[in-house]
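Visitor: When we follow numbering that gives the first Met the number 0, the leftmost residue of the sequence shown carries the number 0, and every step to the right adds one. Starting off with a structure, shown below.
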Amino acid sequence: MTPETPIARLRNLGPKMAQWLGGIGIQTRADLSRAGAVDAWIRLKAVGQGRVSLLALYAMQAALMDVDWRELPDELKAALREAVEDPA
């Protein structure tokens, strides 16, 4: 995958997530990388994408790492959860 790869072509993400992320200005892997999974998730929640679950957070992080979201270490999932429960 290149930095210009569209969101919908990233592992773990599909058309619906691409639509949601596009709504906050994230259209490519580079955009997501700059924002980071946590910030992107918080921004999605802020614009009313209430259906955005922790799974979406894991999927975005895993997409950046180019791994299946189920392969994320438990410690990383815990850190991601903590980051969105109490954003700095």
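We treat Cβ as the ideally placed atom computed from N, Cα and C, and that holds for glycine.
By DSSP's criteria, Pro5 is part of a beta bridge. Which residues make up the other side?
Guide: Position 6 of the sequence shown holds residue 5. Per DSSP, Thr27.
Visitor: With DSSP as the reference, label Pro14 as helix, strand or coil.
Guide: By 1-based counting over the sequence shown, the position of residue 14 is 15. The answer is helix: DSSP assigns Pro14 an H, G or I state.
Visitor: Go ahead and label Ala62 buried or exposed: buried means 16 or more other beta carbons lie within 10 angstroms of its beta carbon, across all protein chains shown.
Guide: Mapped onto the sequence shown, residue 62 falls at position 63. Ala62 is buried by the Cβ-count criterion.
Visitor: Can you name the start and end residues of the alpha helix (DSSP H) that Val37 belongs to?
Guide: Within the sequence shown, the letter at position 38 stands for residue 37. Segment 36–45, the alpha helix (DSSP H) holding Val37.
Visitor: If you drop the 5 nearest sequence neighbours on each side, which residues of the same chain put their C-beta closer than 6 Å to that of Trp68?
Guide: Along the sequence shown, read from residue 1 onward, the residue named residue 68 stands at position 69. The residues are Asn11, Tyr57, Ala58, Ala61.
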